[in-house]
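Chemist: Structure below; questions to follow.
There are 2 protein chains.
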Amino acid sequence: MGSESTLSTVNEGLRQTPLMPAVERFKYSNRVLLRSILGRADGGIGLAGEKLLVGGWVKSGDEKKKPENSVTLPPAPPVVKDVTCSEILISRLPILRSIMKILTGVGCPALSPGKLDGPAKPVPTVAYLRINDGSCVFNLQVIVDSYMLPLSQILPAGTSVLVEGMLERTKVAGKHAVELKVEKVLHVGSVDANKYPLSKRTLSMAFLRAYPHLRPRRTPVASVARIRNSLSHSAHQFFLSNGFVNVHMPIITTTNSRAHGKVLGFASTSNKAYDNLRNVQEAKSLEVIRTAIKEKNERIEELKRSNSNKESLLIALQDLQKANELALQLEHQQPSTSRKTKEDFSENFFGEETYLSSYVQLHLECYACSLSCVYYFGPTFQAEDALSSKSLAESWKIEVELAFAELEDAMNCAEDFLMYLCHSILEHCPHDLQFMYKRIDSKCIERIKSMGSSPFARITYTEAIEILKKETVKKFEDKIEWGMNLSREHESFLADAVYQRPIIIYDYPKDSKPFYLRIRDDAKTVSAFDIIAPKAGRLVQGGQKEERLEKITESVRKLGLGEEDYDWYLDLRRYGTVKHSGFSVGLEEIVMFVTGLDDIRDTIPFPRTRGSTDT
Amino acid sequence: MGSESTLSTVNEGLRQTPLMPAVERFKYSNRVLLRSILGRADGGIGLAGEKLLVGGWVKSGDEKKKPENSVTLPPAPPVVKDVTCSEILISRLPILRSIMKILTGVGCPALSPGKLDGPAKPVPTVAYLRINDGSCVFNLQVIVDSYMLPLSQILPAGTSVLVEGMLERTKVAGKHAVELKVEKVLHVGSVDANKYPLSKRTLSMAFLRAYPHLRPRRTPVASVARIRNSLSHSAHQFFLSNGFVNVHMPIITTTNSRAHGKVLGFASTSNKAYDNLRNVQEAKSLEVIRTAIKEKNERIEELKRSNSNKESLLIALQDLQKANELALQLEHQQPSTSRKTKEDFSENFFGEETYLSSYVQLHLECYACSLSCVYYFGPTFQAEDALSSKSLAESWKIEVELAFAELEDAMNCAEDFLMYLCHSILEHCPHDLQFMYKRIDSKCIERIKSMGSSPFARITYTEAIEILKKETVKKFEDKIEWGMNLSREHESFLADAVYQRPIIIYDYPKDSKPFYLRIRDDAKTVSAFDIIAPKAGRLVQGGQKEERLEKITESVRKLGLGEEDYDWYLDLRRYGTVKHSGFSVGLEEIVMFVTGLDDIRDTIPFPRTRGSTDT
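Chains A and B, in that order, give the protein sequences.
The letter at position 103 of the first sequence is residue 103 when you use the numbering used here, and the numbering goes up by one with no holes.
When you read off a place in the second sequence, starting at 1, and then add 1000, the result is the number in the numbering used here.
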């Protein structure tokens, strides 16, 4: 339903009757979204003859001499004031504008054609603007007559316009079936083309990354945003229709998921700087104090030798003791500040050690162990020092947890979920996918269709190792051995070359996976699984959680995690424990799979990687 | 569609045909969700005679003597091992169990009835358990025979069970139409009732707050979670169907929204402790160093006096200089560490000053100014020292932004949104609302219906002040004057007493609202609006944003916000500016409005307020 399926409803309508639906106005302003014109199956032809209000940003604009046969409407007062004579002149003569640009001078009446007695007689021209309002990938051509306003004001890319006019069939055969003959210009938000950083027609994704606040105005970025939007809605739809409850897990937690990798602590990150500073500071202080102690000792020796009065000696001795104590204190603190971490937090805002959640899954288990099937969809955090093009500090994840469910149930659910996303993105975003296909990755649609069409291959980790061992043609970097971590290279070989479709690898060696996964009877493997897709790599990680109190307590102890910190987590096993399984899907990875984008920073509105400069 | 409307589909089916749909099994395990039995219009009667697998947690359990006429099935081996003789005895004799409890002794054969030659001959009993799996508010009664396992293992509240059996019509007229006669117990997750903190039948919401990881097992908390889930889905549905694009805004930002209130900084919170520690440390060091300098000076004087060799004097002088430098350095740092804040961040994880976003709206404007209608739905943060029962450090918000839209458009959209939420919660969560009505707030359903049924009143702030001024009966704490902030008391008076329905108050005094709101021609007011609901108070805050570059630049300057920090924000006005408006809705406030809960900590899965102790 909704935005995307407006399109399919229209298509539906077309197939059923030759009558086209009427203009669909945006509910919260009088304007018509371009999607409801250009996204129609008839490309908007059915709306020709309608008077419409549209808004958008200029993608490109040309000025041309007014066609001879066009009807001239009576000149209306320009909506924008403060226009100089030269601006009017320049706006009405494209060739003159070009010359002026070259000369970088403005307003040169000597160059203007004809006489300049009184106000310049305008040479009629029209602007052909391709505008876009972000509602779809297509631009609408709008035609503005020069009598309305100096066209120079609206021609630069990035200019915003709100215009009213008549929708007409395009006279010259072109890309689009309809165009808008503007009758009223209601708003112009101008752009100084010399200053606007996105003036150029083609700009790389890498260049655009430097302008996160402006880049959604460029088609590839807007298209990714719409695809991401559609995938997000489909994700909610999948879980809603399968009876899951959406739960919002905390971002700020007192559970340090160190067991999973590095975390962003409220303090652990920023304190590093402080630690360093302090260490330098203390080292310097210590140096001075040690010298002072040495001198004090010498002085005492001197006092003793010189048989000074006892009082002086006593003072000197007390002084020395004080210095010694301080030195001891500083020395004690030198190697590490870790012991103090606990107490430092007593003064932070929350009165305890807090972190940004990197795995919401542990918290989600609480809700699974009461509402039975739950999911989280929101931001998660990590502080890995990975390549910034592959890893974000802040990313959106879908975390799923099912009670009364074993490994296979979670695998089935994850597989269904990915297939559902493939079907729905093909249905809801055909035009954006077409754009990605043309501009980013010519294999993207084929890849989505393939994932959506047949069940995934399923192999155990042990089987995967066997296959890799047998391989003779392809040489892997590391020796293949049971127990090793499968690298991207291995996974890619299995999914791209061997199976040529998504694969589920399950039953991993215990030590390669997190502590909370269920230990198999062989005591060597755990009930974990990953889903690997061709090209995209690992899309899903999941598994069955350890529900047995003794086993999970042992794991927590072995890792030295601090039983009191995980006491609440163990409670779930102490009281009414159930078998439960789940999985985690990274939204950015799905966007990469769908669009073919190689850099994760292009999949999220405001990327946050280590050292990135966002706004 | 989906989970909630499964119910309405069933109802629909019932109305159309007398045939009831078949058992609806949960797709990712063989069990049947209780909702698809007890949520049916016929209360599950149509499923009587079906063999079902259900799972859940025991809400309450009773043991009774087995009815005489019941068919005795052949004893099966118990699924759970390690059961002592006394446990079996105790499980089979309720009276004995009570006595045992009083004596707090276990296994006292002398008290057991009958002879104990060989294994004890069991006195047949049955357990009547009310179990719940979180899928709906209703509990299913399951009946377990004592030959299957010692009933003491499954009777305590909180025990998890996975059982298979036959669904039967309830023989004794009671709350529910059907019950499950268990044939197989597949899993038991036991509970030590003496240790389980939620053993008591009735527990206050305040008590439950101490157990955020276990409390969703209690009906009120689970009910709130389902209501929250339903509201979240409806929110997405509303924006999707109106053509909005869901955008995920950053949590970690470099934009310190200090202009809005306090923010959670990555460093600003935790560094405080360090600052204090350092100050103490440095003060101590400085003391020692100053003494050292004094001594060095004395020594130099002595050396000079004693005409020592030049070399010794030079060394002593260098030594003194070093100590002086360090002292100077320490002194310089003493009064404040604020100057260093900037440089400290250069070594933090992101290489710059970072904050947790408190208002995502500024970022959202970037996407509105390119995709035209966008919304964010996710966590936001604040560090206000407000009452913890009314304010969370971490809360979920819906932020909406519309381009080419003025104040009225945003007001219309917000009003429609709230009305939509009311309609859909009534449709999708009838049983949970019924529970809230009975247990929390007997006016909640009436309130929701009222909001959903008629347009909101609309008054300007100036009109609101006039009304308050004219009021003679009610005495307000503060004197009513134009320019004052409307307090909860004023707002409540207007919505509850004067209008008796939700009101939109708009055009607020400039100084009472954020800097980015559009200044009206009177230069005194801004295009802001709030929506106030009876009982709940302020649900929405919004307004039209200042799109004029000069005006917004002036506001940024006046507030001393640092133009370079807001440069990106000003860019939106520099290049292709458009009129745009938006609003913000707190999900927790909506949950409070819907459920009638008074404490915000009960509306969110894991509340995070200042000094709260969550897990």
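Ideal placement from N, C-alpha and C gives every residue a C-beta, glycine not left out.
Keep in mind the model is a prediction, meaning the values are calculated, not measured.
Is it buried or exposed, A:T577, if we count other Cβ atoms within 10 angstroms and call 16 or more buried?
Modeler: buried
Chemist: Can you name the residues of chain A whose CB is closer than 8 Å to the CB of B:P1250?
Modeler: E394, P605, F606, R608 and D614
Chemist: Would you list the residues sitting across from B:Y1506 in a DSSP beta bridge?
Modeler: For B:Y1506, which the question treats as bridged, DSSP gives the partners B:T1460 and B:F1529.
Chemist: Taking Cβ positions, are B:L1561 and B:L1418 nearer each other than 8 Å?
Modeler: no
Chemist: List, from N- to C-terminal side, the beta strand (DSSP E) runs of 3 residues or more that fit wholly inside the segment 42 to 73 of chain A.
Modeler: 51 to 65
Chemist: Tell me, which residues are paired with A:V178 by DSSP?
Modeler: A:V178 pairs with A:R169.
Chemist: Just how far apart, CA to CA, sit A:A173 and A:K64?
Modeler: 17 Å
Chemist: Can you check the segment 1190 to 1260 of chain B for any alpha helix (DSSP H) of at least 4 residues that lies completely inside it and give the ranges in chain order?
Modeler: 1205 to 1208 and 1219 to 1241
Chemist: Would you list, in sequence order, the uninterrupted beta strand (DSSP E) runs of no fewer than 3 residues that lie entirely inside the segment 1374 to 1446 of chain B?
Modeler: 1394 to 1403
Chemist: Should A:R601 be flagged as near chain B, meaning a C-beta pair shorter than 8 Å?
Modeler: no
Chemist: Pairs of beta-carbons, one from the segment 524 to 541 of chain A and one from the segment 562 to 569 of chain A, closer than 8 Å: are there three or more?
Modeler: Verdict: no, contact absent.
Chemist: Is the beta carbon of B:M1411 sitting closer than 8 Å to the one on B:Y1506?
Modeler: Yes, the Cβ-Cβ distance between B:M1411 and B:Y1506 is below 8 Å.
Chemist: Between which residues of its own chain and A:V374 is the CB-CB distance below 7 Å, once the five residues before and five after are set aside?
Modeler: F244, V245, V247, L364, Y367, A368 and E401
Chemist: Ends of the beta strand (DSSP E) at A:T125?
Modeler: T125 to N132
Chemist: Which same chain residues end up closer than 7 Å to B:V1137 when comparing Cβ atoms and leaving out the 5 residues on each side of it in sequence?
Modeler: T1219, S1223, H1431, D1432 and F1435
Chemist: Please go through the same chain and pick out, in chain order, the residues whose beta-carbon is closer than 6 Å to the beta-carbon of B:I1504, but skip the five residues on each side of it.
Modeler: Correct list, in chain order: M1411, F1456, R1458, F1529 and I1531.
Chemist: Please state if the CB of A:L167 and the CB of A:V178 are separated by a distance shorter than 8 Å.
Modeler: yes
Chemist: CB B:L1180 to CB B:I1154, shorter than 8 Å?
Modeler: no
Chemist: Would you call the segment 545 to 555 of chain A and the segment 586 to 599 of chain A in contact, with 3 or more CB pairs under 8 Å?
Modeler: no
Chemist: Using a Cβ cut-off of 8 Å (strictly closer), state whether B:N1297 contacts chain A.
Modeler: no
Chemist: Given this structure, state the Cα-to-Cα distance separating B:T960 from B:T1460, to the nearest angstrom.
Modeler: Nothing about residue 960 of chain B can be reported from this structure: the residues present for chain B run from 1001 to 1615 only.
Chemist: Can you list, in chain order, the residues of its chain with a C-beta nearer than 7 Å to that of A:R226? Leave out the 5 residues immediately preceding and following it.
Modeler: C429 and D432
Chemist: With distances taken Cα to Cα, identify the nearest neighbour of B:R1601 among B:E1463, B:M1451, B:D1522 and B:W1396.
Modeler: B:W1396
Chemist: Using the C-alpha atoms, what's the distance from A:R439 back to A:D599?
Modeler: 15 Å
Chemist: Name, going along the chain, the residues of the segment 144 to 161 of chain A whose beta-carbon falls closer than 8 Å to a beta-carbon of chain B.
Modeler: G158, T159 and S160
Chemist: Leaving out five residues before and five after A:L208 in sequence, what residues of the same chain have Cβ atoms less than 7 Å from its Cβ?
Modeler: R215, R218 and V221
Chemist: Tell me, please, which residues DSSP counts as bridged to B:H1187.
Modeler: Answer is B:L1162, bridged to B:H1187.
Chemist: Give the single residue among B:A1495, B:Y1028, B:V1023 and B:N1030 whose Cα lies nearest to the Cα of B:G1039.
Modeler: B:V1023
Chemist: Helix, strand or coil for B:S1152 per DSSP?
Modeler: Looking at B:S1152 - three-state DSSP - the assignment turns out to be helix.
Chemist: Going along the chain, which residues of the segment 462 to 478 of chain A sit with their C-beta nearer than 7 Å to a C-beta in chain B?
Modeler: Hits within the stretch: zero.
Chemist: Can you list, in chain order, the residues of its chain whose CB lies under 6 Å from that of B:F1583, leaving out five sequence neighbours each side?
Modeler: V1400, A1410, A1414, V1540 and G1542
Chemist: Based on Cα-Cα distance, which residue from B:D1478, B:H1213 and B:D1416 lies nearest to B:G1452?
Modeler: B:D1416
Chemist: What do you get for A:L392, buried or exposed, if any count of 16 or more other CB atoms within 10 angstroms of its CB means buried?
Modeler: buried
Chemist: Give me, in chain order, the residues of the same chain whose beta-carbon lies closer than 8 Å to that of A:K617; leave out the 5 immediate sequence neighbours on both sides.
Modeler: Absent from the structure is residue 617 of chain A, since the part of chain A shown begins at 1 and ends at 615.
Chemist: Can you name the start and end residues of the alpha helix (DSSP H) that A:L371 belongs to?
Modeler: Q361 to L371
Chemist: Who are the near neighbours of B:R1608 in its chain, counting only those whose CB is closer than 7 Å to its CB and skipping five residues on each side?
Modeler: L1392, A1393, E1394 and D1614
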